[in-house]
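**Q** Numbering (the working numbering), first residue to last: 433 to 628. Sharing a structure with you now.
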Ligand code: GDP
């Protein structure tokens, strides 16, 4: 799988702003600042495609990227930023659940992005619960792998598996936007999700 063309199509806050779609959609979920924008840019070989924010928690919209004219990568709002009000936290969770409900027939799969350095948050666990509830096939990506050394990596992967209750035999893709580690694994997982 190679990404030959990646187009930013829409930034949507409500369903009427979603693009029309008969195409499969792959969803990216992760706490704010985990590296979702960097993930999109790395796999699409396009440093300018997704805005890499210096201010976490500012992107509350759902961003749709059309890939190779064939499927969407849908970047859901980053959640769990500590400094936002309860009201804003409600807004992102509502926005994510509304998306999942209204596009469930289009969703071919989801990727949960987790910072390899940190314990998954309650929000990460809640999102994984929702994905299971809606029956969305889910892959896991451990982000910022360059921040740990080899022995720490395995230890942290085990911790994430345990905390998230990731089923035995499910691989976690080790990823770094800095070194591009895991780029091919991510593209392969995308291909598999699309082939269902
Ligand atoms: P988003 O809020 O999830 O979209 O996160 P961004 O892609 O904007 O990244 C947040 C910050 O983490 C930025 O400063 C990035 O440069 C940094 N970052 C993202 N991916 C990596 C990575 O793989 N390794 C390192 N070291 N930093 C990263």
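Glycine included, C-beta positions come from ideal geometry on N, C-alpha and C. All of these numbers come straight from a predicted model, not from anything done at the bench.
Give me the Cα-Cα distance between residue 596 and residue 588, rounded to the nearest whole angstrom.
**A** 12 Å
**Q** Helix, strand or coil for residue 603? Go by DSSP, reduced to three states.
**A** coil
**Q** Take residue 524 and list the residues in its own chain whose beta-carbon comes closer than 7 Å to its own, dropping the five residues that flank it on each side.
**A** Cβ within range, chain order: 492, 509, 511.
**Q** Once you ignore the five residues that flank residue 474 on each side, which residues in its own chain have a CB closer than 7 Å to its CB?
**A** 609, 612, 615
**Q** DSSP has residue 450 in a bridge; who is on the other side?
**A** Beta-bridge pairing links residue 450 to no other residue.
**Q** Using three-state DSSP, classify residue 488 as helix, strand or coil.
**A** For residue 488, the pLDDT reaches just 45, beneath the cut-off of 50, and the residue's location in the model is therefore unreliable, although a value from the coordinates is still provided. DSSP places residue 488 in coil when its eight states are reduced to three.
**Q** Alpha carbon to alpha carbon, how far is residue 522 from residue 546?
**A** 21 Å
**Q** What do you reckon, are the CB atoms on residue 441 and residue 456 nearer than 7 Å?
**A** At the C-beta level, residue 441 and residue 456 stay beyond 7 Å of one another.
**Q** Got a sec? Which residues, its chain only, sit under 7 Å from residue 433 by beta carbon, not counting five neighbours each side?
**A** 619, 620, 622, 623
**Q** Less than 8 Å between C-beta atoms, sequence neighbours within five positions excluded: which residues of the same chain meet that for residue 548?
**A** Within the same chain, residue 548 has close Cβ partners 574, 575, 576, 577, 579, 580, 585, 588, 589, 592, 606.
**Q** Just the Cα atoms here: how many angstroms apart are residue 459 and residue 482?
**A** Across the structure, residue 459 and residue 482 are spaced so that their CA atoms are roughly 15 Å apart.
**Q** Under the assumption that residue 540 contacts residue 461 (Cβ atoms under 8 Å), give the Cβ distance between them as a whole number of angstroms.
**A** Contact flag wrong, Cβ pair sits at about 14 Å.
**Q** Let me confirm a value: residue 500 is counted as buried when at least 16 other C-beta atoms fall within 10 Å, else exposed. Which label applies?
**A** exposed
**Q** Taking only the alpha-carbon atoms, compute the straight-line gap between residue 617 and residue 446 and give it to the nearest angstrom.
**A** 32 Å
**Q** Along the chain, where does the alpha helix (DSSP H) that runs through residue 616 open and close?
**A** 615-627
**Q** Given a cut-off of 7 Å on the beta-carbon distance, is the pair residue 438 and residue 497 in contact?
**A** yes
**Q** Spell out the partners DSSP gives residue 443 in its beta bridges.
**A** 495
**Q** Does the Cβ-Cβ distance between residue 468 and residue 507 come in under 7 Å?
**A** yes
**Q** Are the beta-carbon atoms belonging to residue 536 and residue 566 less than 7 Å from one another?
**A** yes
**Q** With a CB to CB cut of under 6 Å and the five nearest residues on each side skipped, what residues in its chain are close to residue 571?
**A** 543, 621
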